[in-house]
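Offset between the sequence shown (1-based) and the working numbering: plus 53. We put the CB at the ideal spot given by N, CA and C, even for glycine. Contents: one structure, followed by commentary.
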Amino acid sequence: MGAEHAALPIWENTNKNPANLSVEYSSMQVDVKELQEVPGAFQLLNVLSKTECSSLIEISEQLEFLPDTAVSLPRSGRHNDSFTWIVNEQTDGIIWQRIAHLMGDRQRLFNGSKALGTNARFRFYRYGQDDYFKPHQMVRGQGFVL
């Protein structure tokens, strides 16, 4: 299970904010969609503008995707191409500013603890015809299911 390719692509940028994320983007544009079927799970919508999404896609297309991913799922669970980009603090910080106010412990699953930031490992997936990523749950210690 997990990674099947010896050289998983992980990228890091040296330029600050290479996708030109706007620092003027209002955090009030971000919406939360609770996922009732998974306690504590939710989607954040409108975190990025369409222009910012296009910029990230353009950058990703210049980097190398491989038919593998560094997760604990076999290729039968996910069939796509991927890479990981470790973004710089400025890019990560801009996104965190947009969502921080939404990251409280609404369902009291974490004893009122607050999130400290985002995961700066941005994962990009590319899907070809007939590719998929099956629904799954990842279990991480102490009974928490992610």
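How long is the line joining the alpha carbons of residue i and residue j, rounded to whole angstroms?
i	j	result
Trp149	Asn73	15 angstroms
Gly146	Glu90	30 angstroms
Gln143	Asn99	19 angstroms
Ala153	Pro120	33 angstroms
Phe95	Tyr78	21 angstroms
Ser186	His132	Inspection of the sequence shows that residue 186 is occupied by Phe rather than by Ser. Near 6 angstroms, if we compare the C-alpha coordinates of His132 and Phe186.
Val76	Gln115	24 angstroms
Glu8	Ser113	Any question about residue 8 goes unanswered here, given that the chain covers just 54 to 199.
Phe163	Leu169	13 angstroms
Asn172	Asn66	15 angstroms
Pro188	Pro71	32 angstroms
Opposite residue i in the DSSP bridges: which residues?
i	result
His132	Tyr185
Ile63	Thr137
Tyr180	The partner list for Tyr180 (beta bridge, DSSP) is empty, contrary to what the question assumes.
Lys86	Gln96
Arg174	Ile139
Taking 8 angstroms as the threshold (beta carbon to beta carbon), is residue i in contact with chain B?
i	result
Ile152	The structure shown contains no chain B; it holds only a single protein chain.
Leaving out five residues on either side along the sequence, give the residues of the same chain with a beta carbon under 6 angstroms from the beta carbon of residue i.
i	result
Trp138	Trp64, Phe175
Lys155	Correcting the residue identity first, residue 155 is Leu in this sequence and not Lys. So the qualifying residues of the chain are Val85.
Asp184	His132, Asn133
Glu87	Phe95
In chain order, what residues of the same chain have a beta carbon less than 7 angstroms from the beta carbon of residue i, not counting five sequence neighbours either side?
i	result
Asp84	Leu98, Asn99
Ser151	In the sequence under discussion, the amino acid at residue 151 is Arg, which differs from the Ser named in the question. Excluding sequence neighbours, Arg151 sits near Tyr78, Ser80, Val83, Val100.
Gly157	Lys167
Tell me which same chain residues have a C-beta within less than 8 angstroms of the C-beta of residue i, skipping the five on either side of it?
i	result
Phe118	Pro62, Asp134, Ser135, Phe136, Phe177, Arg179
Lys69	Asn141, Gln143, Thr144
Count the other CB atoms within 10 Å of the CB of residue i; is the residue buried (16 or more) or exposed (fewer)?
i	result
Leu109	buried
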